[in-house]
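Below, the structure is given as structure tokens:
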């Protein structure tokens, strides 16, 4: 009998141990090399908590709209969810996806890549299975491996409609297992059935087993919130289930209205913020089929912000208030390099050119350049440039130079600091893309240019003075894709619009009206080097009334001179400075009760750079942080 009791006791202990293992949530995925799940939180590659605040972009249907990445970043988003296709629509190749990842990294955005081909499987004609979605990810795996710190893989968008939704459980588990067997170490994202809205609660009620099916314990579940979630109680109850269970959840899509009902976006955003849950709004631009109201900007133009865009970007619990950049990018804005001897400048800033005569070296296969025209509207163009280091040694700090064969003039650069003297142009790295790894390491940047007549591409590039060989320039804009149940693009010829370098006028700074200063708060953050600095300025409206149109004034104490600005029109007279929202720009409104907007500038100083203390917003003195 004693032996039987001992055996029984041993079995009981084993069962208890197994039960505890089943109930416990993992602290950290040991095999992950980038993003990781810890409890219900998403950690970035530095181990810091990362709350997704993003916007979806329909790249597969509008591949020429690459300026959207920079424009989405300008809203304050820290993430872009990129729509891809493995063949249901025009297939996104491995090289195209690699370019998308570079655009994300250049613009300091986390890339959530999603395969849209699965949308509505079992109900929608043409939709593919999750197994087929996994096959696509395997096909392009070579460009995803090594990007785990910047890329999250959303295996399949809304992978089941409203039919046979119980099959979603094993299909999702099998897809996760197949991704891990194939060697993917990324954080995976899985969408709910019922067109993503889970109104039958299949995902909610099986969330533990779905999460535990991942041997890496590195999967986040995604709910889409449209008409099903039209009351505060429905939203609060659904999110609370995951919070109380300690399970990772993201609101992968939502809008402010929909054909199936009126989602309660205010509660969605408020509850997401209160519970540390990520969200991604649908979508930047290009919607059709009766849901054009889900566009955040019209015709991909960042100066034509819709009511939905204004709500998500500038409203309560919106991007401007709540988004924090991933720490893998090192901070809230690109900072000047401290290892280079050249004067650091932020993206798109002109510096005094110092060019020499054209080198006579022969092309060297140790470096290659791809110069791809993404959009050309007859008087200007958007270009994407990729620099590749084919050499056996890494390059830390680079300058790419070329001569335009026509009358092209650079007007904007993102992901680099540029100069131009006559036809000779050069772009140097910014701090976050300075390193070109050996044996194929790449960096990318984009540019806008203006021209008269024709726009022939450059044919000769030098990287740090070495003439590059191998890959030559490309002048083939991406063709308009074939679409199924998708609107014809209407913005392929739209000129991308950016805030220009401000014109300086002799405007006197008004004397601030004395007050408590509590209604507005200015956060002033600088990054300084020998003779210059960049500043990020955040204005928070703590008042009970929204502000429509703003001017922030202050004065410098040490002779600082502003040389360029972004997201504001700036004038300076002597020590007095005035910054206003650009006309028609998305940051013209500051919401009440904590609404905020931000802008930045670069300036010079003469050795001392005291921070201003006398900020005033529309004439009312502000508290300074």
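Numbering (this note's numbering), first residue to last: 5 to 629.
Cβ coordinates follow ideal geometry from the N, Cα and C atoms, glycine included.
When rounded, the separation of the alpha-carbon atoms in residue 464 and residue 253 is 49 Å. Using a 10 angstroms sphere on the CB of residue 381, the tally of other CB atoms stays under 16, which defines it as exposed. In the structure shown, the three-state DSSP call for residue 179 is helix. In its chain, beyond the 5 residues on either side, 46, 48 and 330 have a beta carbon closer than 6 Å to the beta carbon of residue 54. Residue 184 carries a helical assignment under DSSP once its states are collapsed to helix, strand and coil. Going by DSSP, residue 448 is part of the beta strand (DSSP E) stretching over 445-454. Minimum Cα-Cα distance from residue 129 among the listed residues 303, 582, 189 and 165 corresponds to 165. Taking 9 Å as the cut-off, the Cβ atoms of residue 434 and residue 50 do not count as close.
The beta carbons of residue 430 and residue 406 sit closer together than 9 Å. Annotation for residue 62: 87, 287 and 290 place their beta carbon closer than 7 Å to its own, counting only its chain and skipping 5 residues before and after. With fewer than 16 other Cβ atoms from the protein chains shown falling within 10 Å of its own Cβ, residue 552 counts as exposed. When DSSP reads this structure, residue 377 sits in a beta bridge with 387. Contact fails between the region 98-108 and the region 174-192, because fewer than three Cβ pairs, one in each stretch, are under 8 Å apart. Rounded to whole angstroms, the gap between the alpha carbons of residue 124 and residue 417 is 39 Å. DSSP places residue 60 in the uninterrupted beta strand (DSSP E) bounded by 57-61. With 16 or more other Cβ atoms inside 10 Å of its own Cβ, residue 68 counts as buried. The continuous beta strand (DSSP E) containing residue 285 extends over residues 282-285.
When Cβ pairs closer than 8 Å are counted between the two stretches, the region 538-550 is seen to touch the region 601-608, the count reaching three or more.
For residue 269, the closest C-alpha among the options 307, 183, 321 and 376 is that of 321. Under DSSP, residue 229 forms a beta bridge with 258. When DSSP states are grouped into helix, strand and coil, residue 95 belongs to the coil group. The residue among 396, 174 and 148 with its C-alpha nearest the C-alpha of residue 135 is 174. One thing to note: residue 608 has its Cβ no nearer than 9 Å to the Cβ of residue 576. Residue 189 sits close to residue 220, with the two beta carbons spaced by under 9 Å.
Uninterrupted beta strand (DSSP E) stretches at least 3 residues long and entirely within the region 391-425 occur at 403-407, 413-418 and 421-425, given in chain order. Residue range 236-249 is occupied by the alpha helix (DSSP H) that includes residue 238. Between residue 432 and residue 81, the beta carbon gap of about 26 Å keeps them out of contact (Cβ cut-off 8 Å). In this structure, residue 394 sits away from residue 457, with a CB-CB distance that is not shorter than 9 Å. By a beta-carbon distance limit of 8 Å, residue 229 contacts residue 272. Their separation comes to about 5 Å.
If you draw a straight line from the Cα of residue 454 to the Cα of residue 415, it is about 7 Å long. Judged by DSSP secondary structure, residue 272 falls within the alpha helix (DSSP H) whose first and last residues are 269-279. Annotation for residue 208: the continuous alpha helix (DSSP H) segment containing it runs 206-209. Unbroken alpha helix (DSSP H) stretches of 4 residues or longer found wholly inside the region 116-158: 134-143 and 145-148, given in chain order. When only Cα atoms are considered, residue 373 and residue 573 end up about 35 Å apart.
Between residue 446 and residue 390, the CB-CB gap stays under 9 Å. Beta-carbon to beta-carbon, residue 285 and residue 263 are separated by about 17 Å, too far to satisfy the 8 Å threshold.
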